[in-house]
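Read the structure below first, then the notes.
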Amino acid sequence: MYGFHQCTKVYEADGDARRILMGATFTFGPRDRVAILAGGGAGKSTLIRLMGGLEAPTAGDVHRPPGTSWPIGFAGAFHPALTGEENVRVLATMLRADPDRVSAFVAMSADLGDEYRNALASYSSGMRARLAFAFSMAIPQDFYLADEVVGAGDGQYRLRSERMLLRRLETAGLLLVTRNPRIAERFVDQFAVLHRHRIIRCATIAEARELLAEQNQGEDELEALTAGLRKS
Amino acid sequence: MSARGIMQEPRGGQIVAVMTRELRSRFVGDPLGYGWAYLTPLAWIAVIYAVFHILGRTSPVDADIGSFILSGIMPYLAFRYQVSSVLRAKTAYRSVMALPAMSPATIYAGIISLEFYNILIIYLALLLSNYMVFGALHLADPLAVFWGFLLASGVGGALGYALASLGSSGPSLTRATAIILRPMFYLSAVFYTANELPREWQAWLAWNPVLHAIELMRTGIFLDYDSDIATGWVPVVFILLCLGIGRWFGARSCVGAADEPATALD
């Protein structure tokens, strides 16, 4: 089984400790489709970084499924000075994929037209997101990681990109971290909530929603209390 | 990486991809573009030439000043550029390292190969220019010159790799770079020869791998120059040591392949 085993992740800076996980254990199979729901600032991206191998835990183990992807729609590896096409070809080669095949797929599915051959620096954020998403879909992976992003663009393109991901997920696993239960419901069939630095497995989406709402309410009350203290 | 539909290309393809990305993106937005890679060494040479001229210093070997300066500054720059580019790549390629199948070692190998190719081309161009303008060409043993150049470049690349990996374990260690690099210019026989030094100084400076690389190259360049202390063993052992340190600390700070567990660092 893959996932987090007695995993602790704490960031320390200037004497302050920010706890994300404290001895958390949460496992899943290599083809499972799992969502971890959490509120803003709870550490969703950290979970993806841990599972993506970009960070090591402070204590415990993270077991990553073989063939784990980079986060879907991750545009950080693109260089703004290179064209969309150059970026895709270079990164495809780095990933040991066929650059011609990958580039043809991206050109067709990112809907960028001639802009595909222009420097990335001239792209709007939407165009960049479409390029990154199409590149994520171009090389089939065994296990996908998604940090909120399950599609790109808006309107028809968004629906098309989500369908693209759903097709990939017919034969692959997914770990999705999100604050939106509706998105989770569409893409996965197992649910959990990052609650008090532990990952709590929930039998149904309704249970996950409830736990998330309880957590958000607790945070709202804490915020109100802090605001009150500041005023006084 | 075990993703499906993936061609099992040799790792060389990834190294070439890193070189391509670097070539197309470095100095972008600057009117002189990649020309900076060639102009910077010229500026170094011009400064040393001017200092020699002002101080009235002559060449300590049987050759013109230009050829002597080239014999010291080029291997030194090969060393220096390698350290800087590997350390720069650590930050510039952080996002690329997020991709599966791309290890820091692959990225550094691409950067080091490109830097070596660049500085070698610059050296050959300067040798040719020196011959065409001043009629001076010293290249007694091209293989020995290449060996010295390779060692200087290797020492820089390996030191950069070790410092980059040490920096991953404790970022403050990267600050040691400036402390190490600054005196190297003065301690590496760039603008003097090791044979000119007193015996005690030679004994101390014999620990410096860059000095050995420069002296080996100089011995290959000039027919009448034979360094008293140069040996390839010091740079070779230093390179191996740095690669070992880099690998050890790099493994401690990175998580590894997908099917290996990522365990907390102690």
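For the protein sequence lines, the chains are X and R, in the order given.
Okay, so the first sequence: first residue is 1 according to the working numbering, each after it adds one.
Okay, so the second sequence: first residue is 1001 according to the working numbering, each after it adds one.
Ideal placement from N, C-alpha and C gives every residue a C-beta, glycine not left out.
Keep in mind it's a predicted model, so treat the numbers as computed, not measured.
(message) Please report the straight-line C-alpha distance between Asp147/X and Ile1048/R, rounded to a whole angstrom.
(response) 54 angstroms
(request) Along the alpha helix (DSSP H) that carries Pro1075/R, what are the first and last residues, could you check? (result) Ile1065 to Ala1092
(message) Between Gly1012/R and chain X, is the shortest Cβ-Cβ distance under 7 angstroms, so that the two count as touching?
(response) no
(request) With a cut-off of 8 angstroms on the beta carbons, I'd call Leu1240/R and Gly1160/R a contact; round off their distance for me. (result) Actually they do not touch by this definition, with Cβ atoms about 15 angstroms apart.
(message) Taking 7 angstroms as the threshold (beta carbon to beta carbon), is Ser1025/R in contact with chain X?
(response) yes
(request) Please go through the same chain and pick out, in chain order, the residues whose beta-carbon is closer than 7 angstroms to the beta-carbon of Glu223/X, but skip the five residues on each side of it. (result) none
(message) Taking CB distances under 7 angstroms as the criterion, tell me whether Gly173/X reaches chain R.
(response) no
(message) Helix, strand or coil for Leu1023/R? Go by DSSP, reduced to three states.
(response) helix
(message) Using a 10 Å radius around the Cβ and a threshold of 16 neighbouring Cβ atoms, would you call Tyr144/X buried or exposed?
(response) buried
(request) Kindly indicate if chain X contains any beta-carbon less than 7 angstroms away from that of Thr1085/R. (result) With the sequence shown as reference, residue 1085/R is identified as Ser, and Thr is not the correct amino acid for it. Closer than 7 angstroms: no.
(message) By alpha-carbon positions, which one of Leu1127/R, Arg1011/R and Gly1066/R ends up nearest to Pro1104/R?
(response) Arg1011/R
(request) May I ask which residues mark the beginning and end of the alpha helix (DSSP H) holding Pro1104/R? (result) Pro1104 to Phe1134
(message) Distance cutoff 7 angstroms, beta carbons only. Does Ser1113/R sit that close to anything in chain X?
(response) no
(request) Classify Trp70/X as helix, strand or coil using the three-state DSSP reduction. (result) strand
(request) Please name the residue in His79/X, Val106/X, Ala110/X and Val102/X whose C-alpha comes closest to that of Val1096/R. (result) His79/X
(message) I need the straight-line Cα distance from Arg1218/R to Ala1101/R, nearest angstrom please.
(response) 41 angstroms
(message) Taking 7 angstroms as the threshold (beta carbon to beta carbon), is Ser1095/R in contact with chain X?
(response) yes
(message) Which residues does DSSP list as the beta-bridge partners of Lys9/X?
(response) Leu21/X
(message) With three or more C-beta pairs closer than 8 angstroms as the rule, is the stretch 1145-1160 of chain R touching the stretch 1204-1220 of chain R?
(response) yes
(request) Could you name the residues that DSSP lists as bridge partners for Asp147/X? (result) Val177/X
(message) Does the distance between the C-beta of Pro140/X and the nearest non-hydrogen atom of the ligand GDP fall short of 6 angstroms?
(response) With respect to the ligand GDP, the structure shown offers nothing to examine, as it has no ligands at all.
(request) Would you mind sorting Trp70/X into buried or exposed? The rule is 16 or more other CB atoms within 10 Å of its CB. (result) buried
(message) Whole angstroms are fine: how far does the CA of Gln156/X sit from the CA of Arg209/X?
(response) 28 angstroms
(message) Using a Cβ-Cβ distance cut-off of 7 angstroms, determine whether Gly41/X contacts chain R.
(response) no
(request) Can you give me the start and stop residues for the alpha helix (DSSP H) that Ile1045/R sits inside? (result) Trp1036 to Leu1055
(message) Please report the straight-line C-alpha distance between Ser1113/R and Ala1037/R, rounded to a whole angstrom.
(response) 15 angstroms
(request) Tell me whether the beta-carbon of Leu211/X lies closer than 7 angstroms to the beta-carbon of His195/X. (result) yes
(request) Put Leu194/X into one of helix, strand or coil per three-state DSSP. (result) strand
(message) For chain A, check one thing: does any of its Cβ atoms lie closer than 7 angstroms to the Cβ of Arg1088/R?
(response) Although the question refers to chain A, the structure presented lacks it and instead comprises the protein chains X and R.
(message) Considering Cα atoms alone, identify which of His5/X, Gly39/X and Pro66/X is closest to Gln217/X.
(response) Gly39/X
(message) Counting C-beta neighbours from all protein chains within 10 Å, is the total for His1138/R 16 or more, i.e. buried, or is it exposed?
(response) buried
(message) Under 7 angstroms, Cβ to Cβ, is there at least one residue of chain R near Arg96/X?
(response) yes
(request) Using DSSP bridges, identify the partner residues of Arg201/X. (result) Ala192/X
(request) Can you say whether Glu1022/R is buried or exposed, counting buried as having 16 or more other CB atoms within 10 angstroms of its CB? (result) buried
(message) At 3 residues or longer, what runs of the beta strand (DSSP E) sit wholly inside the stretch 88-149 of chain X?
(response) 143-147
(message) Using beta carbons (cut-off 7 angstroms, strictly below), is Glu54/X in contact with chain R?
(response) Sequence check: residue 54/X is Leu here, not Glu. Answer yes: the Cβ-Cβ gap between Leu54/X and chain R drops below 7 angstroms somewhere.
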